[in-house]
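Enquirer: This is the structure I have questions about; it appears just below.
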Amino acid sequence: MIIPVSVRPGGNMEDLLAEFPNKIYVDRFRVEFEKSRWKIPPPPAPEELNPALKSRKWHYLTHWTHTFYSNWCTENKFRFYESLLHQGDEYSHSAFRTLMNMLETGRICATPRKIYGGERVLSFTALTPAESLKFMRWRSGLVRRYWEPYGIALDRQTLIELGAQPVRYVEANEIRAIEGKVRKFYHLRKSRRYRWVEESEWRLFEDLKLDLVPSERFLVITRIPAEAQHIMKRFGVRATAMTVN
């Protein structure tokens with residue numbers, strides 16, 4: 001059964017309805033399609049990057065966030081849908097608002113991954129912001145950018161003390177031979193489409209409570225300076241922007 005709600009002219013759902021005209025579908029929930037006024041903002045171009053973030057002396061591990069299409073771990077589905085009704089001009093669960101939620105709740109949530117038996121994983125990268133730009137590309141399978149220019153960079157040694165470990169990248173024939181709890185710290189070097197080794201991933205297998213990290217040991221990163229200024233004023237933490245304008 002097909003239950004169309006908001007059908008974009010020329011979109012996949014319209015094609016689906018045309019492909020199966022004899023299928024029984026419920027049409028009473030359909031509303032007129034309205035084009036979104038908000039779009040996921042693009043990352044800065046390499047030449048626009050804040051010079052302060054171009055340093056190779058990067059002792060942080062960064063958790064880059066992204067736009068969410070469901071509730072955050074700190075809210076239920078009711079609150080998520082309620083937020084859609086009152087979101088204003090910016091999507092309620094944009095990457096910036098997701099970052100704000102992390103700071104408001106003092107918590108970066110680990111998320112379940114099927115490949116680890118549903119174990120919850122919190123990922124970081126050892127890449128610098130400049131090196132991270134190439135991963136801020138659009139992923140059609142996710143219907144979002146893989147990473148967005150909003151994140152929290154935390155002192156590497158502090159995260160090591162909290163249990164974070166680097167991912168060990170191996171070939172497919174090697175990973176099949178790895179068993180037990182250590183398996184969760186291994187990953188394929190590459191697949192047919194991606195070279196995972198280039199992510200320089202680190203993993204923590206629990207939520208991270210920000211009050212465990214002294215404020216001088218983490219840095220909040222935003223896309224533009226106005227957002228960084230807002231965060232510094234509201235939360236009293238260090239923040240910087242990916243761009244200077």
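Mapping the sequence shown onto this note's numbering, position 70 (from 1) lands on 70, and the numbers just tick up by one.
No residue lacks a Cβ here, since even glycine has one placed at the ideal position from N, Cα and C.
Everything numeric in this text was worked out from a predicted model, so none of it was measured.
Report the partner residues of T74 according to the DSSP bridge assignment.
Expert: According to DSSP, T74 bridges with nothing at all.
Enquirer: Can you tell which of F185, L49 and Y150 has the C-alpha that lies nearest to the C-alpha of M102?
Expert: Y150
Enquirer: For R145, which three-state DSSP category applies?
Expert: strand
Enquirer: Can you list, in chain order, the stretches of the beta strand (DSSP E) that have 3 or more residues and sit fully within the stretch 102-136?
Expert: 120-125
Enquirer: So A110 packs on L122, CB below 8 Å; how close in whole Å?
Expert: 4 Å
Enquirer: Could you pull the start and end residues of the alpha helix (DSSP H) that H230 belongs to?
Expert: P225 to F235
Enquirer: Quick check: is any heavy atom of the ligand ADP less than 7 Å from the C-beta of N12?
Expert: This structure lacks the ligand ADP; in fact it carries no ligand of any kind.
Enquirer: By Cβ distance below 8 Å, which residues in the same chain neighbour P46 in space, the five residues on each side in sequence not counted?
Expert: For P46, the CB contacts under 8 Å within the same chain, skipping 5 residues up- and downstream, are A130 and L133 in chain order.
Enquirer: Use the C-beta contact count for H63: other C-beta atoms within 10 angstroms, 16 or more gives buried, fewer gives exposed.
Expert: buried
Enquirer: For the putative contact between L219 and T243, defined by C-beta atoms under 8 Å, what is the C-beta separation to the nearest angstrom?
Expert: That pair is no contact at about 16 Å.
Enquirer: Let me confirm a value: P43 is counted as buried when at least 16 other C-beta atoms fall within 10 Å, else exposed. Which label applies?
Expert: Looking at its Cβ environment, which holds 16 or more other Cβ atoms inside 10 Å, P43 is buried.
Enquirer: Shortest alpha-carbon distance to I25 belongs to which of P4, T158, K39 and A18?
Expert: The residue asked about is misnamed: residue 25 is Tyr in this sequence, not Ile. It is P4 whose Cα lies nearest to the Cα of Y25.
Enquirer: Here's the rule: buried if 16 or more other CB atoms are within 10 angstroms of the residue's CB, otherwise exposed. What is Y69?
Expert: exposed
Enquirer: Indicate whether the contact test is met: 3 or more Cβ pairs, each with one atom in the stretch 152-167 and one in the stretch 204-219, closer than 8 Å.
Expert: Contact between the stretch 152-167 and the stretch 204-219 is established, with three or more Cβ pairs separated by less than 8 Å.
Enquirer: I'd like the span of the alpha helix (DSSP H) that includes L159, first residue to last.
Expert: R156 to E161
Enquirer: My output table needs one value for T98: the three-state DSSP class, helix, strand or coil.
Expert: helix
Enquirer: If you compare alpha carbons, which of E104, I221 and M13 is closest to R30?
Expert: M13
Enquirer: Count the other CB atoms, across all protein chains shown, that sit within 10 Å of the CB of V167; report buried if there are 16 or more and exposed otherwise.
Expert: buried
Enquirer: Along the beta strand (DSSP E) that carries L17, what are the first and last residues, could you check?
Expert: Run containing L17: none in the beta strand (DSSP E); it sits in the alpha helix (DSSP H), N12 to E19.
Enquirer: Tell me, please, which residues DSSP counts as bridged to G151.
Expert: W64 and I221
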